[in-house]
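Asks:
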Amino acid sequence: MPQDACVCSSWRNIGGQRLGVLRTPAAAEDEPLQYYLEPGAMFEAVRVAVVEGKRFLQLADGRGWVPECLREKSDCVVIELLAGDAASVAVLRWKDENLAFTPPLDGMVRVRYLRISVGATRSTNTPHTQLSQISLRCRNRVLSLEGYTVENPGGSSPSRETPEKLLMARGKWLDQNFRERGKSVLLVTAPHDIELDDLAFRTASDAPGRDPIDLRIDGSLNGWEWQVLHVMSTALYTPTA
Numbered sequence: 073m074p075q076d077a078c079v080c081s082s083w084r085n086i087g088g089q090r091l092g093v094l095r096t097p098a099a100a101e102d103e104p105l106q107y108y109l110e111p112g113a114m115f116e117a118v119r120v121a122v123v124e125g126k127r128f129l130q131l132a133d134g135r136g137w138v139p140e141c142l143r144e145k146s147d148c149v150v151i152e153l154l155a156g157d158a159a160s161v162a163v164l165r166w167k168d169e170n171l172a173f174t175p176p177l178d179g180m181v182r183v184r185y186l187r188i189s190v191g192a193t194r195s196t197n198t199p200h201t202q203l204s205q206i207s208l209r210c211r212n213r214v215l216s217l218e219g220y221t222v223e224n225p226g227g228s229s230p231s232r233e234t235p236e237k238l239l240m241a242r243g244k245w246l247d248q249n250f251r252e253r254g255k256s257v258l259l260v261t262a263p264h265d266i267e268l269d270d271l272a273f274r275t276a277s278d279a280p281g282r283d284p285i286d287l288r289i290d291g292s293l294n295g296w297e298w299q300v301l302h303v304m305s306t307a308l309y310t311p312t313a
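For the sequence shown, the working numbering begins at 73 and goes up steadily by one.
Written out as structure tokens, the structure is:
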């Protein structure tokens, strides 16, 4: 499916109050609203944008964006999916930010280890692959990554672009051995068991040809028995510049 495809899904306002429609997902809090969706109102969405860890849906009629959660209460979800695949709604970059693609998991999982395997990049000519940041969510809350570690077995990274950069707000991880080895693998270890139902990635701000478009995520509690959490074999979820 092309990167710019519109994949429509149906949603409903379940917040119990009018939901303001924003001109852009990055609109300032004091910016006037476009209009409101009444409680219980249903709508179609064609795009998702992630700004500072918060998700917004673009209305199919082009009139603006609605937030997934209340601004003043980020853990209060105010919309629900009625029809369509939430994972297939195309994700965009917003302005100069490299917004995360978020492949929702099929239910809650309990893990301590994550294995992220990159099998292909947007360009078949680049010898490298890269990512800027990883984010984990549970019950609509972003998990703290304090105490986590990341390894890239068999990889080769410049000193300023090591796997640990994935846990930070700035910088990126780069694997120079991707093409030579035919894949890149990241091993993320949490300091303890965690519950997880969503992951997000941020692509780097340069060289979009290095963006992963074939990606598999496995989870484990003990580090040797693994279960598949998500498989992505299309560029649909990966934002481009």
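Virtual Cβ for every residue (Gly too), placed ideally from N, Cα, C.
Predicted model, so just to flag it, every value in this text is computed and none were measured.
Along the beta strand (DSSP E) that carries Arg251, what are the first and last residues, could you check?
Replies: Careful: Arg251 lies outside any beta strand (DSSP E), inside the alpha helix (DSSP H) at 250-253.
Asks: Measuring alpha carbon to alpha carbon, tell me which residue in Gly191, Pro235, Val149 is nearest Arg251.
Replies: Among Gly191, Pro235, Val149, the Cα nearest to that of Arg251 belongs to Gly191.
Asks: So, with DSSP's three-state summary, where would you put Leu258?
Replies: Reduced to three states, the DSSP call for Leu258 is strand.
Asks: Can you tell me which of the three DSSP states Lys145 falls into?
Replies: In the structure shown, Lys145 sits in coil (DSSP, three-state: anything other than H, G, I, E or B).
Asks: So, using beta-carbon positions, are Thr193 and Pro263 closer together than 8 angstroms?
Replies: Contact: no.
Asks: Might you give, ordered along the chain, the residues of its own chain that have their beta carbon closer than 6 angstroms to the beta carbon of Arg211, omitting 5 neighbours on each side?
Replies: Excluding sequence neighbours, Arg211 sits near nothing in its chain.
Asks: Following the continuous beta strand (DSSP E) through His302, name the residue where it begins and the one where it ends.
Replies: Note, His302: beta strand (DSSP E), 299-304.
Asks: Taking just the CA atoms, how far does Ser82 sit from Asp102?
Replies: If I take the Cα positions, the gap works out to 28 angstroms.
Asks: Please report how far the alpha carbon of Gly87 lies from the alpha carbon of Leu268, in whole angstroms.
Replies: Approximately 24 angstroms between the Cα atoms of the pair.
Asks: Between the Cα of Arg213 and those of Trp245, Thr201, Thr96, Asp270, spot the shortest distance and give me the residue it belongs to.
Replies: Looking at the Cα atoms, Asp270 is the closest of the given residues.
Asks: So, with DSSP's three-state summary, where would you put Gly92?
Replies: Note: Gly92 maps to strand in three-state DSSP.
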